[in-house]
Amino acid sequence: MVSPWCANGNIVEYFAARSHLPAADMAQLQLRLVLHHERIVHGDLKGPNILVLSDGTACVADFGVSTVLCDQPQSASAAGTFRWMAPELLDDDNPQRTRESDM
Numbered sequence: 001m002v003s004p005w006c007a008n009g010n011i012v013e014y015f016a017a018r019s020h021l022p023a024a025d026m027a028q029l030q031l032r033l034v035l036h037h038e039r040i041v042h043g044d045l046k047g048p049n050i051l052v053l054s055d056g057t058a059c060v061a062d063f064g065v066s067t068v069l070c071d072q073p074q075s076a077s078a079a080g081t082f083r084w085m086a087p088e089l090l091d092d093d094n095p096q097r098t099r100e101s102d103m
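In this text, residue positions in the sequence shown follow UniProt numbering: the first is 1, and each later residue adds one.
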């Protein structure tokens, strides 16, 4: 997978460099999460994995542990960055990543 150059770095760096960014400008930074519409669970969604293009548009990166949802049962593992994982993935012996656990 190839993504465009994200001149503003990730969303954490973007907001850190713009501490006085007006709320209206912050609201215009729209993350287009079409992933769930396409039945994709990212599995490691966090600030460092959301990149900001030069026009301020956000783009999701690092699909290393992503999953395509299907109607068939799947084996799952608690893959992702521990610090950012949903609690239900940590408490379950057989964690199932879902749209809800991605958010």
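Glycine residues also receive a C-beta, built at the ideal position from the N, C-alpha and C atoms.
- Can you give me the start and stop residues for the beta strand (DSSP E) that A58 sits inside? 58–60
- Item | Alpha carbon of L45 to alpha carbon of L21, nearest angstrom | 23 Å
- Closest by C-alpha distance to R18, when choosing among I40, V41, V52: V52
- Item | CA nearest to the CA of E13, picked from V68, P48, A61 | P48
- Beta-carbon proximity list for residue 104, same chain, < 6 Å, skipping 5 on both sides: For residue 104 there is no data in the structure shown, the boundaries of the chain being 1 and 103.
- Can you pull the DSSP bridge partners for N10? L51
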